[in-house]
Amino acid sequence: MIKLNKNFLKLQDNYLFSEVNKKMRQYKEKNPNKKIINLGIGDVTRPIPKIIVETIKMACDEMKESATFRGYGPEQGYDFLKEKIIKYDYNIRGINLDLDEVFISDGSKCDVGNIVDLFAKENIVAITDPVYPVYLDTNIIAGRNILKEEITSNSSKLKLNNIKKEGHIAFELQEDTEKNKLSGIILMPCNKENNFIPKIPSKIPDIIYLCYPNNPTGTVLNKKELKKWVDYAKENESIILFDSAYEAYITEENIPHSIYEIEGAKEVAIEFRSFSKTAGFTGLRCAYTIVPKELKREIKLEERDSSSRNNTIVSVNKIWNRRHCTKFNGVSYITQRGAEAVYCEEAQKELKENIKYYLTNAKIIKEKFVNAGFNAYGGVNSPYVWLEVPKGKTSWEFFDDILEKYGIVGTPGSGFGPNGEGYFRLTGFGKREDAESLVI
Ligand SMILES: Cc1ncc(COP(=O)(O)O)c(C=O)c1O
1 MIKLNKNFLK LQDNYLFSEV NKKMRQYKEK NPNKKIINLG IGDVTRPIPK IIVETIKMAC
61 DEMKESATFR GYGPEQGYDF LKEKIIKYDY NIRGINLDLD EVFISDGSKC DVGNIVDLFA
121 KENIVAITDP VYPVYLDTNI IAGRNILKEE ITSNSSKLKL NNIKKEGHIA FELQEDTEKN
181 KLSGIILMPC NKENNFIPKI PSKIPDIIYL CYPNNPTGTV LNKKELKKWV DYAKENESII
241 LFDSAYEAYI TEENIPHSIY EIEGAKEVAI EFRSFSKTAG FTGLRCAYTI VPKELKREIK
301 LEERDSSSRN NTIVSVNKIW NRRHCTKFNG VSYITQRGAE AVYCEEAQKE LKENIKYYLT
361 NAKIIKEKFV NAGFNAYGGV NSPYVWLEVP KGKTSWEFFD DILEKYGIVG TPGSGFGPNG
421 EGYFRLTGFG KREDAESLVI
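In the numbering used here, the protein residues as written are 1 to 440.
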């Protein structure tokens, strides 16, 4: 009989946003004349600059002429786009990359999910909590469980019980009961107590997920903090998976846009970037992943696998390339032409304005809540504001409260992990009028 992957049953229901939408609908039915201010939007709302759309149209026209028609392109992406990425996203920060270190894809979500293919199950994986859920879910699907002692060693357990008690089991953790702990997930709490900076875990992780600027907390790591992780990874031969989907939102000096700004990072890190939040491509779909050729690790071959019995040094770039070519057939030519146009002066000017618009929204939202007596974080180098919920309330109770009182919708922090309990995510992706009309 067929055996399905039972790990899918360990995932929590993806109910967070559907629950938010359901509550919003119910509120509208009850209060048809009241306005809802939606600060829960996790998607861009500004249209794509005209020049990018015109370029895409031109690329479409090429498809109808036999002289310019294109079929399959290179799985890793066209050089015309990779050259622009290297020049404008990396060379300007003093980072050199070869064309074959850049892999174009249809989204960072897919890339951070697919990267799990490269690693054996027997790895300890460290993930920040709260978290962009894809990192955790894809590791659970791959058969890793959350290591129990990491849950009991901090306040997460208490928070987790709160979440469960409420009946909103947004984030039910599957605790690992196995004796052998070669494999598993360590959650690294990020909260106001540690200034949202994850502590290096007591158990050495093989794989470390870092996302900065962070979704959902909107916080960042400065160069010194990020260097600590790079040095740690070097010392312990770990690999850092660095998601910088929001790097374009960085406004402060001394905050790295790329992990490769840190010396030695090419030996330990893979970086994920996306055109989604930078250029409004959430619907078009284009992203890229950098896998430096310096990133190499040893594969220990068992006797039966190798006649020579020697271990093998493997280039991570090579095996990612193999995975990519085996499972992916490239982003469409027209989309890549659109992504190339992102780097032209006209598009850059408009895209920077869009980001400023979202950041200003975030600033207004944050200020209004702070003036009303709340503690709020993020919103400076990120479109996300991470609000502390008043003491004694869970994040879902707070959701109900501010929807009922002020017509405001946000996202309960508990949906992002046990350490998200007690917090609330607000975003600057909505309309300026909404941010300005906020009354708390
Ligand atoms: C941290 C983070 N990484 C990656 C993504 C996904 O990006 P993409 O649209 O390229 O799949 C998101 C989207 O919300 C995100 O918040």
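Quick reminder that beta carbons are idealized off the backbone N, C-alpha and C, glycines included.
Using only the alpha-carbon positions, how far apart do L99 and V291 sit?
11 Å
Starting from the N-terminal end, write out each residue whose C-beta falls within a distance shorter than 5 Å of any non-hydrogen atom of ligand 1.
G107, S108, K109, Y132, C211, N215, D243, A245, S274, S276, A287
Suppose you measure from the CA of G264 to the CA of E271; what does that come to, to the nearest Å?
Answer to the nearest angstrom: the Cα atoms are 14 Å apart.
Along the beta strand (DSSP E) that carries F242, what are the first and last residues, could you check?
239-243
Could you tell me the alpha carbon to alpha carbon distance between I169 and R432, rounded to whole angstroms?
In this prediction, I169 scores a pLDDT of 37, lower than 50, which makes its location untrustworthy; the coordinate-derived value is nonetheless stated afterwards. One Cα belongs to I169, the other to R432, and the distance between them is close to 33 Å.
Can you tell me whether DSSP reads D231 as helix, strand or coil?
helix
First and last residue of the beta strand (DSSP E) that includes T312?
312-315
Check the DSSP bridge columns for E340 and list the partner residues they point to.
E340 pairs with nothing; no bridge assigned.
Any idea which residues DSSP pairs F424 with across the strands?
L387, P412
Whose C-beta lies closer than 7 Å to the C-beta of G218 among residues of the same chain, with five residues either side of it excluded?
Y377, G378, G379, S382, Y384, V385, W386
Would you list the one or two residues that DSSP bridges to C211?
D243
DSSP state of R322, grouped into three classes?
helix
Between the Cα of Y246 and the Cα atoms of I240, I262, I185, L221, which residue gives the shortest distance?
L221
Mind checking whether A341 and T45 have CB atoms under 9 Å apart?
no
Under three-state DSSP, which class holds A248?
Of the three classes helix, strand and coil, the one that applies to A248 here is helix, per DSSP.
Is Y343 closer than 9 Å to K50 when the C-beta atoms are compared?
no
Based on DSSP bridge pairs, tell me the residues matched to V102.
Looking at the DSSP assignment, V102 forms a beta bridge with I290.
Give me the Cα-Cα distance between P443 and K203, rounded to the nearest whole angstrom.
Look at the range of the chain in this structure, 1 to 440, and you will see that residue 443 is not part of it.
With E237 and R297 assumed to form a contact (beta carbons below 8 Å), what rounded beta-carbon distance in angstroms separates them?
With 8 Å as the limit, E237 and R297 qualify as a contact, their Cβ atoms being about 7 Å apart.
From the DSSP secondary-structure annotation, give me the bridge partner or partners of F69.
Residue pairing of F69 in beta bridges, as defined by DSSP: absent, with no partner found.
Can the beta-carbon of K457 be found closer than 9 Å to that of D117?
No answer is possible for residue 457: the residues shown for the chain start at 1 and end at 440.
What span of residues does the alpha helix (DSSP H) with L403 cover, start to end?
395-406
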